[in-house]
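Trainee: There's a structure below that I have some questions on.
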Amino acid sequence: MVPIVGATSLLAQASSDTRSIPVDSPAFSLVVHGGSGTITRATVTPELEAQYRSAIERALLAGHAVLHAGGSSTDAVVAAIRVFEDDPLFNAGKGAVFTSEGKNELDASIMDGKTHMAGAVSGVTTAKNPIVVARAVMDKSKHVMLASAGADAFVKAQKLEQVDPSYFFTQHRWDQLQSAQKREMVELDFDGKTENSYAQAPQSWEIDHKYGTVGAVALDRDGNLAAGTSTGGLTNKLYGRVGDSPVIGAGTYADNATVAISCTGTGEFFMRGLVAYDVAARMKYSKLSVSDAVDQTIQTELTDKNGRGGLIALDAKGNIKFGFNTEGMYRGYIQNDGKPVAMVYRD
Ligand code: ASP
């Protein structure tokens with residue numbers, strides 16, 4: 176029996192939804208997210224919900240095909256995230272949000288739980304699939320992270336799929352930038368008076384920032400974990416801003432001894448709390464279950480500090496945990512039986 180443990184919420188800390196999913200043979204498993212935020216039945220139309228569910232299922236099936244065929248967890252993570260990156264619904268790849276300068280600067284990372292190797296890119300502007308570039312940084316360079324112009328040069332040098340930056344234009348993200356700029360003038364006024372405004376008013380980031388970062392964690396037939404995350408960052412982010420998603424230990428982490436994690440939410444909080452690694456550390460040093468570790472991390476590193484967001488976690492035995500303190504998180508999982516399960520709301 177592999178337990179699936181549900182949401183932690185600001186509104187219902189005590190009502191996590193715990194279910195057990197029977198698994199007949201040695202488990203392989205894939206868990207994905209497509210961002211967390213103000214996702215409620217009142218804010219998501221049935222049509223949009225159906226589109227999200229269908230995308231989550233397609234990502235799960237893409238990763239499942241890899242795992243079912245005996246492929247590695249890292250390959251499954253890349254396969255699932257690519258589906259999201261090619262879908263304009265998500266804030267990753269094609270649907271990336273705009274910076275304050277009206278550009279798209281993409282971040283992604285991946286970590287292999289067996290080898291502890293990791294790769295990341297930040298501020299890449301010409302890669303169709305940033306997760307593929309992060310994977311190449313891990314496999315084909317001696318570094319962990321390449322940034323900005325260097326990351327774009329690496330895309331070219333490795334002959335990875337390049338696109339013109341205009342590929343990332345979507346009208347709905349552009350409209351989000353326009354309304355975010357009207358509202359967030361105060362937050363972006365780094366004149367010394369408002370330098371803590373991200374911490375003081377995280378909700379205002381979320382008014383126009385519907386999240387949509389994507390991530391995947393997988394356990395393969397050989398018992399190896401992997402985690403990956405891909406994002407356009409935050410709408411209206413300042414020039415050069417890098418969030419948690421490409422930072423190993425903040426937005427992404429995997430260790431076969433403990434857990435694989437991918438995060439989503441206001442990255443500044445995840446960076447300050449090293450949220451992904453914090454879950455692993457609670458399991459490693461305090462011997463907590465994945466469920467308890469995630470609950471504690473969300474409470475102490477996010478909720479207590481006014482941070483908003485969520486994460487997916489998969490431990491080395493196949494236990495799955497979804498943790499978020501927002502109203503909803505696009506998420507899902509698939510196991511040996513090949514049946515994708517997509518979820519949107521807290522209940
Ligand atoms: N964590 C991402 C960032 O701060 C955004 C998100 O997850 O929506 O860049």
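To convert, take the position in the sequence shown, counting from 1, and add 175; that gives our numbering.
Where is the CB? At the ideal position from N, CA and C, for every residue including glycine.
1) Do you know how far the Cα of Ala255 is from the Cα of Leu235?
2) Taking 8 Å as the cut-off, does the CB of Asp250 come closer than this to any heavy atom belonging to the ligand ASP?
3) In the DSSP assignment, what residue or residues form a beta bridge with Ser211?
4) State the DSSP-derived secondary structure class of Ala240, mapped to helix, strand or coil.
5) Within the continuous alpha helix (DSSP H) that includes Lys315, where are the two ends?
6) Under 8 Å from any heavy atom of the ligand ASP, does the C-beta of Gly238 make it?
7) Any contact of the segment 230-245 with the segment 266-284, i.e. 3+ C-beta pairs under 8 Å?
8) Please classify His208 as buried or exposed, where buried requires at least 16 other C-beta atoms within 10 Å of its C-beta.
9) Comparing alpha-carbon positions, which option in Val258, Thr215 and Gly238 lies nearest Ala230?
10) Could you have a look at Ala432 and say whether DSSP puts it in helix, strand or coil?
11) Taking the C-alpha atoms as reference points, what is the distance between Gly238 and Gln351?
12) Under 8 Å from any heavy atom of the ligand ASP, does the C-beta of Glu280 make it?
13) Using only the alpha-carbon positions, how far apart do Gly288 and Tyr452 sit?
14) Taking C-alpha atoms, which residue in Ala425, Lys459, Asn481 and Gly513 lies nearest to Ile487?
15) How many angstroms separate the CA atom of Leu413 from the CA atom of Gly387?
16) By how many angstroms is the C-alpha of Gln353 removed from the C-alpha of Thr369?
17) Please name the residue, chosen from Thr472, Thr213, Arg506 and Gly442, that lies closest to Ala455 on a Cα-to-Cα basis.
18) By the DSSP assignment, the beta strand (DSSP E) with Asp490 in it spans what residues?
19) State the DSSP-derived secondary structure class of Met292, mapped to helix, strand or coil.
20) Around the Cβ of Ala267, are there at least 16 other Cβ atoms within 10 angstroms (buried) or fewer (exposed)?
21) Please state whether DSSP places Gln337 in a helix, a strand or coil.
22) Could you say which of Ala324, Phe329 and Ser323 lies nearest to Lys317 if we only look at CA atoms?
23) Mind reading off the beta-carbon distance from Ala311 to Gln337? Whole number of angstroms is fine, and I expect it under 8 Å.
24) Just the C-alpha distance for Phe445 and Arg396, rounded to the nearest angstrom, thanks.
25) Excluding the 5 residues preceding and the 5 following Asn271 in the sequence, name in chain order all residues of the same chain whose CB lies nearer than 6 Å to its CB.
26) Which whole-angstrom value describes the C-beta separation of Val304 and Glu260, a residue pair presumed to lie in contact below a C-beta threshold of 8 Å?
27) If you draw a straight line from the C-alpha of Asp366 to the C-alpha of Ala295, how long is it?
28) Report yes if the C-beta of Phe445 is less than 8 Å from at least one heavy atom of the ligand ASP; otherwise report no.
29) Once you ignore the five residues that flank Val469 on each side, which residues in its own chain have a CB closer than 6 Å to its CB?
30) Could you pull out every residue in the same chain whose Cβ sits closer than 7 Å to the Cβ of Leu449, ignoring the five residues on either side in sequence?
31) I need the straight-line Cα distance from Thr345 to Gly482, nearest angstrom please.
32) Measure how close the beta-carbons of Val252 and Ala391 come, nearest whole angstrom, since I'm counting them as under 8 Å.
33) Can you tell me whether Asp287 is helix, strand or coil according to DSSP?
34) In angstroms with no decimal places, state the Cα-to-Cα distance between Ala393 and Tyr508.
Mentor: The short version:
1) Here residue 235 refers to the residue found at position 60 of the sequence shown. Here residue 255 refers to the residue found at position 80 of the sequence shown. When only Cα atoms are considered, Leu235 and Ala255 end up about 6 Å apart.
2) Translated into positions along the sequence shown, residue 250 becomes position 75. Flag unset: Cβ of Asp250 not near the ligand ASP.
3) Position 36 of the sequence shown, counted from the start, is the residue given in the question as residue 211. DSSP lists Met504 as partners of Ser211.
4) Position 65 of the sequence shown, counted from the start, is the residue given in the question as residue 240. The answer is helix: DSSP assigns Ala240 an H, G or I state.
5) The residue labelled residue 315 in the question sits at position 140 within the sequence shown. DSSP places Lys315 in the uninterrupted alpha helix (DSSP H) bounded by Pro305 to Lys315.
6) As a working note, residue 238 is residue 63 in the sequence shown. Placement of the Cβ of Gly238 at a distance of 8 Å or more from every heavy atom of the ligand ASP is found.
7) Because the criterion of three Cβ pairs below 8 Å is not met, the segment 230-245 and the segment 266-284 do not touch.
8) On the sequence shown, position 33 is the one that residue 208 refers to. In summary, His208 is buried, with 16 or more beta-carbon neighbours lying within 10 Å of its beta-carbon over all protein chains present.
9) Here residue 230 corresponds to residue number 55 of the sequence shown, with the count starting at 1. For Ala230, the closest C-alpha among the options Val258, Thr215 and Gly238 is that of Val258.
10) In the sequence shown, counting from the first residue as 1, residue 432 sits at position 257. The answer is coil: DSSP assigns Ala432 none of H, G, I, E or B.
11) The count along the sequence shown starts at 1 and reaches residue 238 at position 63. The count along the sequence shown starts at 1 and reaches residue 351 at position 176. For Gly238 and Gln351, the distance between alpha carbons rounds to 31 Å.
12) Along the sequence shown, read from residue 1 onward, the residue named residue 280 stands at position 105. False, no ligand heavy atom lies under 8 Å from that Cβ.
13) Residue 288 sits at position 113 when you count from the first residue of the sequence shown. Residue 452 sits at position 277 when you count from the first residue of the sequence shown. Going from the Cα of Gly288 to the Cα of Tyr452 covers about 12 Å.
14) Residue numbering aside, residue 487 sits at position 312 when the sequence shown is read from its first letter. Minimum Cα-Cα distance from Ile487 among the listed residues Ala425, Lys459, Asn481 and Gly513 corresponds to Ala425.
15) Here residue 413 refers to the residue found at position 238 of the sequence shown. Here residue 387 refers to the residue found at position 212 of the sequence shown. Roughly 19 Å separates the two Cα atoms.
16) As a first step, residue 369 must be located in the sequence shown, where it is residue number 194. As a first step, residue 353 must be located in the sequence shown, where it is residue number 178. Because the pLDDT at Thr369 is just 40, under 50, the model does not fix this residue reliably, and the value given afterwards should be weighed accordingly. Our two residues, Thr369 and Gln353, have alpha carbons roughly 21 Å apart in a direct line.
17) Indexing the sequence shown from 1 puts residue 455 at position 280. Closest option to Ala455, judged by alpha-carbon separation, among Thr472, Thr213, Arg506 and Gly442: Thr472.
18) Numbered from 1 along the sequence shown, position 315 holds the residue referred to as residue 490. Asp490 -> beta strand (DSSP E) spans Gly484 to Asp490.
19) Mapped onto the sequence shown, residue 292 falls at position 117. Per DSSP, reduced to three states, the secondary structure at Met292 is coil, with no helix or strand assignment.
20) For the purposes of this step, residue 267 is taken as the residue at position 92 of the sequence shown. Sixteen is the threshold: when 16 or more other Cβ atoms of the shown chains lie within 10 Å of the Cβ of Ala267, as they do, the residue is buried.
21) Working through the sequence shown from its first residue, we reach residue 337 at position 162. Note: Gln337 maps to strand in three-state DSSP.
22) For this step, residue 317 is matched to residue 142 along the sequence shown. Of Ala324, Phe329 and Ser323, the residue nearest in Cα terms is Phe329.
23) The count along the sequence shown starts at 1 and reaches residue 311 at position 136. The count along the sequence shown starts at 1 and reaches residue 337 at position 162. About 13 Å separates the two Cβ atoms, so there is no contact after all.
24) For the purposes of this step, residue 445 is taken as residue 270 along the sequence shown, with counting starting at 1. For the purposes of this step, residue 396 is taken as residue 221 along the sequence shown, with counting starting at 1. Whole-angstrom Cα-Cα distance: 30 Å.
25) Counting from one through the sequence shown, the residue named residue 271 turns up at place 96. Note that residue 271 is Ala in the sequence shown here, rather than Asn. Within the same chain, Ala271 has close Cβ partners Asn279, Leu281, Phe343 and Gly407.
26) By 1-based counting over the sequence shown, the position of residue 304 is 129. By 1-based counting over the sequence shown, the position of residue 260 is 85. Note that residue 304 is Asn in the sequence shown here, rather than Val. Rounded, the Cβ-Cβ distance is 5 Å, consistent with contact.
27) By 1-based counting over the sequence shown, the position of residue 366 is 191. By 1-based counting over the sequence shown, the position of residue 295 is 120. Confidence at Asp366 is low in this model, with a pLDDT of 41, below 50, so the placement of that residue should be treated as unreliable; the coordinate-derived value is given next. Asp366 and Ala295: Cα-Cα distance of roughly 31 Å.
28) The sequence position of residue 445 within the sequence shown is 270, counting from 1. Taking the Cβ of Phe445 as the reference point, at least one heavy atom of the ligand ASP falls within a distance shorter than 8 Å.
29) The residue labelled residue 469 in the question sits at position 294 within the sequence shown. Hits under 6 Å: Val454, Ala488, Lys496 and Gly498.
30) Locating residue 449 in the sequence shown gives position 274, where the first residue counts as 1. Taken in chain order, the residues that qualify are Gly424 and Ala425.
31) Looking up residue 345 in the sequence shown gives position 170. Looking up residue 482 in the sequence shown gives position 307. Roughly 28 Å between the two C-alpha positions.
32) Taking the first residue of the sequence shown as 1, we reach residue 252 at position 77. Taking the first residue of the sequence shown as 1, we reach residue 391 at position 216. Confirmed, about 4 Å.
33) Locating residue 287 in the sequence shown gives position 112, counting from the first residue. Here Asp287 sits in strand by DSSP.
34) In the sequence shown, residue 393 corresponds to position 218, counting from 1. In the sequence shown, residue 508 corresponds to position 333, counting from 1. C-alpha of Ala393 to C-alpha of Tyr508: approximately 10 Å in a straight line.
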